[in-house]
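Top to bottom, those sequences are chains B and H.
For the first sequence, counting from 1, position 72 maps to 302 in our numbering; every step adds exactly one.
For the second sequence, counting from 1, position 310 maps to 371 in our numbering; every step adds exactly one.
All C-beta atoms, glycine included, are put in the ideal place defined by N, C-alpha and C.
What follows is a short report on a single structure.
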Amino acid sequence: MVSQPRADDRGQGHTLEAIVSGFLLLAAVAFALQMTAVTPLSASTSSQHVENQLQSAATGVLASTAETGALSEIVRYWNVTGERFHGTPHGVGYYSSPPDTPFGEALDRTFDDRNVAYNVRILYQDDNGTIFSQRLIWQGQPSDHAVRASRTIAIVDDDHLVDADGSLNYTTVLEAGDGQFYMPDAAVDPAGGNRGLYNLVRVEVVAWRI
Amino acid sequence: MADLSLSRAKSGNRAQLLLVGAFALAVTFVALALVVNSAIYTENLATRGTVPGSTEALEQRHEIEQSVGTVIEYANWHNYTNLEPSVKGSIKNISRDQNRQEILVSRAVDVSYMSLVNGQKIVQKNNSDRGFRNKTDNPHWVLAEDVDETRNFEIQITDLGPLASSKSSAFTVVANESASNSWEMTVWDDSGYLAVEVDTSTDTASCVRNVDTDNATIDITNGLIADEPCAALTKLTINGNNMSFANGLSGYDIEFENGDNIAGNYSLVIGSNSANTNSLYDASSDTTPPSNVPYYTDAIYSVTVKYAYKTPDVAYETEIEVVPGEPR
């Protein structure tokens, strides 16, 4: 007797194996495509490179304004009678756009053309070591990818307050003291009897892309 | 029979080929994804700094240097008798306050006083009629002898009128080590422009400025005229030589010549106790400085502090010599 050719049973086997190999290929392609997801380096406002650049720019602005004295000037740009920074709205006490001082101009040149928003605050301490914060510029809640840069400067007793036009007021920070100036005297009397340092102030800039 | 076995062999081979081919392709895709992923991972790591916290340590060092410099200048201008305790106390305050701020971000910072170099400050201020003559009204005089270090040398011109109109009789600052080795700066009025020329034993450089108001400040050690850089006073290298104040000289005398051809104020700090007592008034024991005669007082020339910075990743310690306004 001639046996049936084996090819009949084999047909279902072929089909099954073709389907299985199809599934295998599909699964491999889907797996490979899932691996190339969005990474921190993808081009977006949250890219790591962008964050590093913002950090360097903010550090640079603070360093250059500290060198020219503009940073020290903005910390003392205080209106004694109104008890707020010059030109800020009454009851609010801080700016929402850069002030008209060399520091504000430096921030404007660095950030405003590049769609970067920033908050600036001033951290100071009292004699007991409690750290207080004073808002200088507030432009909103930072995004998740904001960077922070800060710089510390020394304010000495005979630094004068600064008037709205940039000229020095006759009142020194020591004379203004706790009552009229937002920053108290944080320096303990050394044995010589003359205090030199008034306060050590940290200016912090938080910047993010919008 | 031969045909059957042949066809059976052929069909058997084909089924395995499809499966094996699909398997091979799948493995290739997964391997490719792995390779691309490792490239992304490497590039991501490359955006991080090599040593975490090293730039922070150096930035803080610069901040401490500036803060201590501010405190030194305050002491020099206000405490005529209590310089050292004032600076020491302020450095303690700087260390304490900086540490309080940095602890919030898990860094420990310590600044401690190590030593200082005493010097003298030579000043003339609030003078309009005197020119730059000494206390006995001599226009050619020596300010200090045998000086090795000078810093913060500033001349503030309050009236451009008395300036000479040519270089020959113009006001000159001389740093004189010997007859053949000296540094000279001449200031005169070049048809309405402020002209400054620097002559060393080998080179000459000059710059001319248009000063709008009647005031111009020449910051000699910083190389600025009216807050703009002047190449003649800074590291202008002609034939590879440095033209900053008294560069390469040691044990020099500081002299003024033709002191009546200029009007204004000046101040400088020297690193030794050699101010010329015959030409300058001794204001070391005065509580307020005199205003109609050039004087000298004690001053701090430089302070050395020890700076330590510690985080969980980085420990950095160094000595910082703070010399505010030293020549570049």
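| Straight-line gap, residue 415 of chain B to residue 211 of chain H (C-alpha atoms, nearest Å) | 33 Å
| request: Could you check what DSSP says for residue 313 of chain H in three-state terms: helix, strand or coil? | output: strand
| query | Of the choices B:399, B:315, B:376, whose alpha-carbon is the least far from that of residue 440 of chain B? | reply | B:376
| query | In its own chain, which residues sit with a C-beta less than 6 Å from the C-beta of residue 242 of chain H, not counting the 5 before and 5 after it? | reply | 262
| said: Suppose only complete runs of 3+ residues qualify. What are the beta strand (DSSP E) ranges in the region 360-425 of chain B, listed by chain order? | reply: 361-367, 377-386, 390-392, 398-402
| task | Return yes when the Cβ of residue 206 of chain H is within less than 9 Å of the Cβ of residue 282 of chain H, no when it is not. | result | no
| query | Got a sec: is the Cβ-Cβ distance from residue 377 of chain B to anything in chain H below 9 Å? | reply | no
| the region 184-203 of chain H contacting the region 329-346 of chain H, beta-carbon criterion three pairs below 8 Å | yes
| Backbone CA spacing between residue 311 of chain B and residue 366 of chain B [nearest angstrom] | 18 Å
| query | What is the residue span of the beta strand (DSSP E) that residue 235 of chain H lies within? | reply | 232-239
| message | Cβ closer than 8 Å: which chain B residues qualify as neighbours of residue 161 of chain H? | response | 355, 359, 361
| Contacting residues, own chain, Cβ-Cβ under 6 Å from residue 432 of chain B (five flanking each side not counted) | 353, 380, 382
| said: Strictly under 9 Å for the Cβ-Cβ distance: is residue 253 of chain H near chain B by that measure? | reply: no
| query | Between the C-alpha atoms of residue 329 of chain H and residue 314 of chain H, what's the straight-line distance to the nearest angstrom? | reply | 13 Å
| task | Answer yes or no: does any C-beta atom of chain H fall closer than 9 Å to that of residue 306 of chain B? | result | no
| query | Thinking just about the alpha-carbon of each residue, which of H:215, H:192, H:203 is nearest to the one in residue 224 of chain H? | reply | H:192
| said: I'd like to know whether the C-beta of residue 138 of chain H is nearer than 9 Å to at least one C-beta of chain B. | reply: yes
| message | List, in chain order, every chain B residue whose beta-carbon is nearer than 9 Å to that of residue 289 of chain H. | response | Within chain B, no residue comes near residue 289 of chain H; the closest Cβ sits about 13 Å away, beyond 9 Å.
| task | Report yes or no: is there a C-beta of chain H within less than 9 Å of the C-beta of residue 242 of chain B? | result | no
| Alpha-carbon to alpha-carbon, residue 413 of chain B and residue 246 of chain H | 44 Å
| said: Taking its Cβ as the centre, do 16 or more other Cβ atoms sit within 10 Å of residue 389 of chain B, making it buried, or is it exposed? | reply: buried
| Neighbourhood of residue 303 of chain B by C-beta, 6 Å cutoff - its chain only, sequence neighbours within 5 removed | 392
| How about residue 180 of chain H: is its C-beta nearer than 9 Å to some C-beta of chain B? | no
| query | To which residues of the same chain is residue 173 of chain H closer than 6 Å at the C-beta, ignoring the five residues directly before and after it? | reply | 367
| Using a beta-carbon distance below 9 Å, is residue 344 of chain H in contact with chain B? | no
| said: Between B:331, B:317, B:427, which has its C-alpha nearest residue 387 of chain B's C-alpha? | reply: B:427
| message | Here's a check: name, in chain order, each residue in its chain whose Cβ is nearer than 6 Å to the Cβ of residue 145 of chain H, leaving out the five neighbours to either side. | response | none
| query | Which residues does DSSP pair with residue 241 of chain B in a beta bridge? | reply | Residue 241 of chain B pairs with nothing; no bridge assigned.
| said: Between which residues of its own chain and residue 323 of chain H is the CB-CB distance below 7 Å, once the five residues before and five after are set aside? | reply: 192, 193, 218, 223, 224, 232, 248
| field | residue 290 of chain B versus residue 81 of chain H: straight-line alpha-carbon distance, rounded | value | 60 Å
| query | Checking contacts by CB at 9 Å: is residue 128 of chain H closer than that to chain B? | reply | yes
| What are the boundary residues of the alpha helix (DSSP H) that residue 265 of chain H is part of? | It is not in any alpha helix (DSSP H) - residue 265 of chain H instead sits in the beta strand (DSSP E) that spans 265-270.
| field | Paired residues, beta bridge with residue 355 of chain B - DSSP | value | B:361
| Whole beta strand (DSSP E) elements within the region 136-203 of chain H, 3-residue minimum | 169-185
| query | Would a check of beta-carbon distances place residue 333 of chain B closer than 9 Å to chain H? | reply | no
| message | Quick check on residue 424 of chain B - is its C-beta less than 9 Å from some C-beta in chain H? | response | Annotation note: pLDDT 49 at residue 424 of chain B (below 50); position unreliable, coordinate value reported separately. Yes - at least one Cβ of chain H is within 9 Å of the one on residue 424 of chain B.
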